[in-house]
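Note sheet for the following structure.
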Amino acid sequence: PSRRFTFSCAVEKYLQGLAPPIAGFVALSPGEFPFWRQIASAYNVIPKFALCLPSSSLGYFYIGTHSFGGSNPVPMTLTPLKIDSGKYLVSVTSIYVDGVPLTLDPSLLAGGAQLSTVVPYTVLQTDIYNALAQSFTLKAKNLGMSETSEHAPFKHCFEEGASGKNIDVSVMEIGLPGNGREVKWRFQGANMVERVLETVICLAFVDGGKKPNESMVIGTHQLQNYLIEFDLSTTRMAFSDPLVLHNMSCSK
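If you count by this note's numbering, then the sequence shown holds residues 501 to 752, one letter each, in order.
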């Protein structure tokens, strides 16, 4: 049967900077008329959706119950989902680098972390960024890398040198509230760095300044190759381990 869906047209300037095949946007916000909510309402399915953003090729998007992994479903971890002013946020209890908690003013984590499919790289408040960069740099030097010049928008870049193409770099974990205990969202390898030259990689996080609106905005580079589900019926988010640990990816 035919269904009525709310949509709008936009001027071409809003498509500037997007890859040539892209002709528009699909709204995924928690508002009244996002695409997922209209589909869920029209077809009477659970109001939730799941994303699997690829590092190349096409990815996956599900409305209602997902089928990613088929007969081998990927384990998922749950955390409460906060919705504020049209944004999806998760509470953050701590941030770890290589298992060691960063020393941060607790007020920096009080607002939680926003999740964004528009921001390309995770943006961190300056103090959080500096703490991460310091730990990352120490590990990189221990691997035989040397610091080199900046490559915008990245401030910390490294010549791989004798380490070769080694992405065994620092692992960052975000501590989140789970079912009566802290759970950890792990970011490693390709989610931590961006290759800008043949032998140069950069810490793929952006310094957002001393007083940004959000202390942490998790961008698409860090979200690649994770299955992430937003369940608005329970106000919870589920996330997988890095899919590479299961010999899987989000690329079709």
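Glycine included, each C-beta is placed from N, C-alpha and C at the ideal position. Fair warning: this is a prediction, and the values are worked out from it, not measured in the lab.
If residue i and residue j are in contact, beta carbons under 8 angstroms, what's the gap, nearest whole angstrom?
| i | j | result |
| --- | --- | --- |
| Leu528 | Phe507 | In fact, because the Cβ distance is near 14 angstroms, the residues do not count as touching under 8 angstroms. |
| Asp707 | Lys655 | 6 angstroms |
| Leu632 | Phe705 | 6 angstroms |
| Ser715 | Ile595 | Their Cβ separation, rounded to whole angstroms, is 10 angstroms, which puts Ser715 and Ile595 out of contact at 8 angstroms. |
| Thr617 | Gly678 | With a Cβ gap of about 24 angstroms, Thr617 and Gly678 do not count as contacting. |
| Gly719 | Thr622 | 5 angstroms |
| Phe730 | Tyr588 | 6 angstroms |
| Ser557 | Ala690 | So it is not a contact: roughly 15 angstroms between Cβ atoms. |
| Gly531 | Gly586 | 6 angstroms |
| Val526 | Phe535 | 5 angstroms |
Just grab the DSSP bridge partners of residue i for me.
| i | result |
| --- | --- |
| Gly675 | Ser594, Lys684 |
| Asp731 | Lys548, Arg736 |
| Ile563 | Phe549 |
| Leu782 | For the chain, the structure presents residues 501 to 752; residue 782 sits outside this window and is missing. |
| Thr622 | Phe705 |
| Ile718 | Leu615 |
| Gly600 | The sequence shown places Val at residue 600, rather than the Gly named in the question. Its beta-bridge partners are Val597. |
Exposed or buried, which one is residue i when buried takes at least 16 other CB atoms within 10 Å?
| i | result |
| --- | --- |
| Ala613 | buried |
| Gly709 | exposed |
| Ile522 | exposed |
| Ile674 | buried |
| Asn747 | exposed |
| Arg681 | exposed |
| Arg504 | exposed |
| Val693 | buried |
| Pro575 | exposed |
| Leu697 | exposed |
| Phe636 | buried |
| Ala738 | buried |
| Cys509 | exposed |
| Ala542 | exposed |
| Asn572 | exposed |
Any idea what DSSP makes of residue i, helix, strand or coil?
| i | result |
| --- | --- |
| Pro606 | helix |
| His746 | helix |
| Gln724 | coil |
| Phe654 | strand |
| Tyr588 | strand |
| Ala613 | strand |
| Lys711 | coil |
| Ile522 | coil |
| Arg695 | strand |
| Glu512 | helix |
| Ser646 | strand |
| Leu558 | coil |
| Phe705 | strand |
In terms of alpha-carbon separation, which member of the options lies closest to residue i?
| i | options | result |
| --- | --- | --- |
| Phe568 | Leu727, Val693, Val744, Arg504 | Leu727 |
| Arg736 | Glu647, Lys752, Thr622, Ile583 | Ile583 |
| Ser751 | Ser733, Gly661, Leu723 | Leu723 |
| Leu732 | Val592, Gly719, Ala540 | Ala540 |
| Leu643 | Pro653, Ser649, Ala652, Glu659 | Glu659 |
| Ala610 | Val600, Gln625, Gly599 | Gln625 |
| Thr753 | Val619, Ser649, Ser740, Pro547 | No statement about residue 753 is possible, as the shown extent of the chain runs from 501 to 752 and does not include it. |
| Val717 | Val592, Leu743, Cys702, Val700 | Val592 |
| Ser740 | Tyr543, Trp536, Gln634, Cys552 | Cys552 |
| Val500 | Gln634, Ala652, His651 | Missing from the structure shown is residue 500; the chain here goes from 501 to 752 and no further. |
| His651 | Leu703, Glu512, Ser571, Pro573 | Leu703 |
| Arg695 | His721, Leu745, Lys641 | His721 |
| Leu743 | Val590, Thr734, Pro712, Trp685 | Trp685 |
| Ala640 | Leu602, Thr603, Asp598, Leu615 | Asp598 |
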